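S.K.:
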Amino acid sequence: MKIQLIAVGTKMPKWVETGFTEYQRRFPKDMPLELIEISAGKRGKNADIKRILQQEGEKTLAAIPKGNRIVTLEVTGKPWDTHQLASNMEKWQLDGRDVSLLIGGPEGLAPECITAAEQKWSLSNLTLPHPLVRIVVAESLYRGWSLNNNHPYHRE
1 MKIQLIAVGT KMPKWVETGF TEYQRRFPKD MPLELIEISA GKRGKNADIK RILQQEGEKT
61 LAAIPKGNRI VTLEVTGKPW DTHQLASNME KWQLDGRDVS LLIGGPEGLA PECITAAEQK
121 WSLSNLTLPH PLVRIVVAES LYRGWSLNNN HPYHRE
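Its first residue numbered 1, the sequence shown is counted upward by one per residue in full-length UniProt numbering.
1) Is the stretch 84–104 touching the stretch 60–75 in the sense that three or more CB pairs, one from each, lie closer than 8 Å?
2) Can you tell me the Cα-Cα spacing of residue 125 and residue 53, whole angstroms?
3) In the DSSP assignment, what are the bridge partners of residue 108?
4) Applying the 10 Å Cβ sphere with the 16-neighbour rule, what's the burial state of residue 38?
5) Which residues in the same chain have their Cβ closer than 7 Å to the Cβ of residue 75, if we skip the five residues on either side of it in sequence?
6) Among residues of its own chain, excluding the 5 on either side of residue 136, which ones have a beta-carbon nearer than 8 Å to its beta-carbon?
7) Which runs of the beta strand (DSSP E) at least 3 residues long sit entirely within the stretch 73–133? Give them in chain order.
8) In the DSSP assignment, find the alpha helix (DSSP H) that holds residue 49 and state where it starts and stops.
9) Can you have a look at residue 60 and say buried or exposed, based on whether 16 or more other CB atoms are within 10 angstroms of its CB?
10) Can you pull the DSSP bridge partners for residue 35?
11) Using the Cα positions of residue 24 and residue 32, report the straight-line distance between them to the nearest angstrom.
12) For residue 26 versus residue 82, is the C-beta distance shorter than 9 Å?
13) So which of 97, 93, 45, 140 has the shortest CA-CA distance to residue 66?
14) Please state if the CB of residue 58 and the CB of residue 22 are separated by a distance shorter than 9 Å.
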């Protein structure tokens with residue numbers, strides 16, 4: 001199973017790239033974690049945010065291979081602890097499809113992305129900066145993998 005992290009935003013600060021890559025490289029070959037960046041619309045004083053969100057949503061949905069399970073990351077999603085995430089990851093593997101996790105930009109995800117989701121995951125009730133979410137998701141997924149595979153990274 002391949003896991004795709006599809007995130008709005010490019011040209012992240014070095015600390016984001018370093019943090020994400022640190023966890024990405026730890027994934028086994030049979031469960032690679034791939035990052036696909038979607039360019040964010042230009043936001044200015046008179047930006048049409050609704051149109052920008054729609055365009056970001058279209059690009060995001062176009063990046064998802066046909067048949068993938070879609071999981072959105074959003075404040076209104078369901079909070080999962082590490083064991084629940086690990087359980088979801090096992091179910092995803094048994095399902096036999098690849099997984100696309102969607103992270104929105106500053107205003108979140110387009111409504112079309114939310115509608116397409118099979119699952120909605122909330123990392124926190126806090127609104128987190130979308131660059132930081134990349135690192136938290138990568139670490140959480142790696143921890144879930146390590147729990148499922150009795151790897152020493154996760155300790156109770």
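Glycine included, every Cβ here is placed at the ideal spot set by N, Cα and C. Remember, it's a predicted structure, so these values are computed and weren't measured experimentally.
M.R.: Based on what the coordinates show:
1) yes
2) 22 Å
3) 105
4) buried
5) 122, 125, 127
6) 123, 128
7) 99–103, 119–122
8) 49–62
9) buried
10) 5
11) 8 Å
12) no
13) 97
14) no
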